[in-house]
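Trainee: Here you go, one structure.
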Amino acid sequence: MNKRIILTASIFGILAVILGAFGSHGLKGKIESSDLRVWKTAVEYQFYHVFALIFLSSFSRFHSRLINIASYAFTFGIVLFSGSLYILSTKAINNISWTSYLGPVTPIGGTLFIIGWLCLFLSTLKNK
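Take -2 as the starting number for the sequence shown in the numbering used here and just add one per residue.
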């Protein structure tokens, strides 16, 4: 098991639980329901990729470059995709004027998720 990947997954898992609860209890009635759905999407994708990271940690014995790339792609994908959605969904209450610049950040995070999954796929094909 890869300790770095497990620690990263654990931190993101803790944050997903906290942010999910905050969205359900702290943001309800403070942001529009459409923004609350965006927040929930961010939490869901964060959780999906926490589980992907935990799964990747079991491949560490192969010392695969592709598995390392996948773990970094998932990690930075969470930061960019979910992070930008958290900020965008709360723009009505956080008074941040530069949120319009975050529009392109979300798809970059999504692209990193795709790269991570592709690396996992290719690593599996290469493994004998």
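Ideal Cβ positions, reconstructed from N, Cα and C, are used throughout, including at glycine.
Counting Cβ pairs, one atom from each stretch, are 3 or more of them under 8 Å apart for the segment 83 to 94 and the segment 113 to 122?
Mentor: With the cut-off at 8 Å, the segment 83 to 94 and the segment 113 to 122 do not touch.
Trainee: List the residues that DSSP assigns as beta-bridge partners of I28.
Mentor: Here residue 28 corresponds to residue number 31 of the sequence shown, with the count starting at 1. The partner list for I28 (beta bridge, DSSP) reads K25.
Trainee: Which full runs of the beta strand (DSSP E) of 3+ residues lie inside the segment 98 to 123, going along the chain?
Mentor: Runs found: none.
Trainee: When the Cα atoms are used, what is the spatial distance from I3 to K27?
Mentor: Within the sequence shown, residue 3 is the residue found at index 6, counting from 1. Within the sequence shown, residue 27 is the residue found at index 30, counting from 1. Distance between the alpha carbons of I3 and K27: 34 Å.
Trainee: Compare the Cα-Cα distances from G106 to each of I8, L122, I75, F44 and report the closest residue.
Mentor: Numbered from its first residue, the sequence shown carries residue 106 at position 109. Of the listed residues, the one whose Cα sits closest to G106 is I75.
Trainee: Roughly how many whole angstroms lie between the Cα atoms of S120 and L16?
Mentor: To locate residue 120, count along the sequence shown from 1; it is residue 123. To locate residue 16, count along the sequence shown from 1; it is residue 19. Spanning the two alpha carbons is a distance of roughly 32 Å.
Trainee: Can you tell me whether W36 is buried or exposed, with buried defined as 16 or more other CB within 10 angstroms of its CB?
Mentor: If you number the sequence shown from 1, residue 36 lands on position 39. W36 comes out buried.
Trainee: For T87, does the three-state DSSP call read helix, strand or coil?
Mentor: Here residue 87 refers to the residue found at position 90 when the sequence shown is read from its first residue. Coil at T87, not helix or strand.
Trainee: Tell me the residue span of the alpha helix (DSSP H) that contains N92.
Mentor: The sequence position of residue 92 within the sequence shown is 95, counting from 1. That residue, N92, is in no alpha helix (DSSP H); it is neither H nor E in DSSP.
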